[in-house]
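According to the numbering used here, the stretch in the sequence shown is residues 52 to 275, in order. All C-beta atoms in this analysis are idealised placements derived from N, C-alpha and C, irrespective of residue type, glycine included. As the structure is a computational prediction, the values presented were derived from the model and not from experiment. Single-structure report; data block below.
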Amino acid sequence: MKSIVISIGGSIIFSDEINITYFEKLNLILKNLIKKYKIYIIVGGGKTSRTYINFGRKIGLKEETLDQFGIDITRINAKILTYIIENSNTKIPKTTNDAKKIKKPITIMGGTTPGHSTDMVGAELAEKTKAIKYIIATNVDGVYDKDPNTYSDAKQIKEIKIDDLIEKFGTNWDQAGKNIVIDGPALKIIKKAKIPTLVLNGKKLIQLERAINNQIFNGTIIKI
Ligand code: UTP
52 MKSIVISIGG SIIFSDEINI TYFEKLNLIL KNLIKKYKIY IIVGGGKTSR TYINFGRKIG
112 LKEETLDQFG IDITRINAKI LTYIIENSNT KIPKTTNDAK KIKKPITIMG GTTPGHSTDM
172 VGAELAEKTK AIKYIIATNV DGVYDKDPNT YSDAKQIKEI KIDDLIEKFG TNWDQAGKNI
232 VIDGPALKII KKAKIPTLVL NGKKLIQLER AINNQIFNGT IIKI
């Protein structure tokens, strides 16, 4: 069975208000998808990971320790999501190799090792499972020419070459909790493994569904 990998930001799943309808809709979409595909979901750390990382940085902890805080939070988020998403694993794998061994229709996991975000974990899984699609479900409508959370005149980019993204963001990991649309180490894998990657707003499930079904969607296609 072919696989699809979805990396979903922690802030999408765990906002201040719990949106039950969102989870019901997500379950419905996934229930249909698992008839045809094996699904991997990688959950981010969201606001909680940044709170711990910022605190740790203020008290002078080293970057690797801060990354580890982030990883722990992503794994807690992943664990909670396993109680919400039907047909999913119960134990959270700590590596992408372990994730591959899980036989459930849906495998949910968080981070793995320091030095990158969960975007890279998703790219690694997409590479290892030869996924037909890697979807990065973030909190904005895809990739923009500048940060849309800061600049109101930021313009959405419908299609962008992977090389242009790498030129813009690089392939390095600078610091724990760094909040960019796709992290550098993920870009490196997407380019190397030629992974068909789409970026969209994870809060807009209709767009996720459209992207999965090869329909026109509101977001960004990364040209590889
Ligand atoms: P996230 O993947 O959540 O980063 O990991 P993010 O960009 O803040 O994503 P959102 O907000 O959920 O969309 C949180 C932090 O955990 C560490 C990194 O420091 C990252 O910034 N981390 C995560 C790792 O070091 N390794 C991992 O595999 C995953």
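{"Item": "Start and end residues, alpha helix (DSSP H) containing Lys152", "Value": "Thr147 to Lys152"}
{"Item": "Inter-residue CB distance, Lys22 and Asn200 (contact presumed, cutoff 8 Å)", "Value": "Residue 22 lies beyond the range of the chain shown here (52 to 275); nothing can be said about it."}
{"Item": "Own chain, CB closer than 6 Å to Lys89, minus 5 neighbours either side, in chain order", "Value": "Met52 and Ser54"}
{"Item": "Cβ-Cβ separation, Ile187 to Ser66 (assumed contact under 8 Å), whole Å", "Value": "Incorrect: roughly 18 Å between the Cβ atoms, too far for contact."}
{"Item": "Whole-angstrom distance between Ala129 and Thr163, CA atom to CA atom", "Value": "12 Å"}
{"Item": "DSSP beta-bridge partners of Thr189", "Value": "Asn252"}
{"Item": "Ser62 Cβ short of 6 Å to the ligand UTP heavy atom set", "Value": "yes"}
{"Item": "Same chain, Cβ closer than 7 Å to Gln258, neighbours up to 5 away in sequence not counted", "Value": "Leu251, Asn252, Phe268, Asn269 and Gly270"}
{"Item": "Per-residue burial, Asn140 [other beta carbons within 10 Å of its own, 16 or more giving buried]", "Value": "buried"}
{"Item": "Pro247 versus Tyr185: straight-line alpha-carbon distance, rounded", "Value": "6 Å"}
{"Item": "Gln119 (DSSP reduced to helix, strand or coil)", "Value": "helix"}
{"Item": "Of the residues Glu178, Val172, Leu238 and Asn148, the one placed nearest Val94, counting alpha carbons only", "Value": "Val172"}
{"Item": "Alpha-carbon spacing of Ala277 relative to Ile143, whole angstroms", "Value": "The structure shown does not extend to residue 277, since the chain spans only 52 to 275, so no value can be given for it."}
{"Item": "Three CB pairs or more closer than 8 Å across the segment 151-169 and the segment 198-216", "Value": "no"}
{"Item": "Delimiting residues of the alpha helix (DSSP H) encompassing Lys113", "Value": "Here Lys113 belongs to no alpha helix (DSSP H), and DSSP marks it neither H nor E."}
{"Item": "Supposed close pair Ile211, Val194 - CB separation, criterion 8 Å", "Value": "6 Å"}
{"Item": "C-alpha distance - Ser62 paired with Ile69, whole-angstrom precision", "Value": "11 Å"}
{"Item": "N-terminal and C-terminal residue of the alpha helix (DSSP H) that Lys76 is part of", "Value": "Ile71 to Leu84"}
{"Item": "Selection from Asp123, Tyr91 and Leu84 that minimises the alpha carbon distance to Tyr103", "Value": "Asp123"}
{"Item": "Contact test: Ile122 Cβ vs the ligand UTP heavy atom, cutoff 6 Å", "Value": "yes"}
{"Item": "CB-CB length for Ile273 against Ile213, believed under 8 Å", "Value": "6 Å"}
{"Item": "Whether Ala227 touches Glu137 by CB criterion (7 Å)", "Value": "no"}
{"Item": "Any beta strand (DSSP E) of 3 or more consecutive residues that is wholly inside the segment 170-241", "Value": "184-189 and 210-212"}
{"Item": "Test item: CB-CB of Arg126 and Gly161 under 7 Å", "Value": "yes"}
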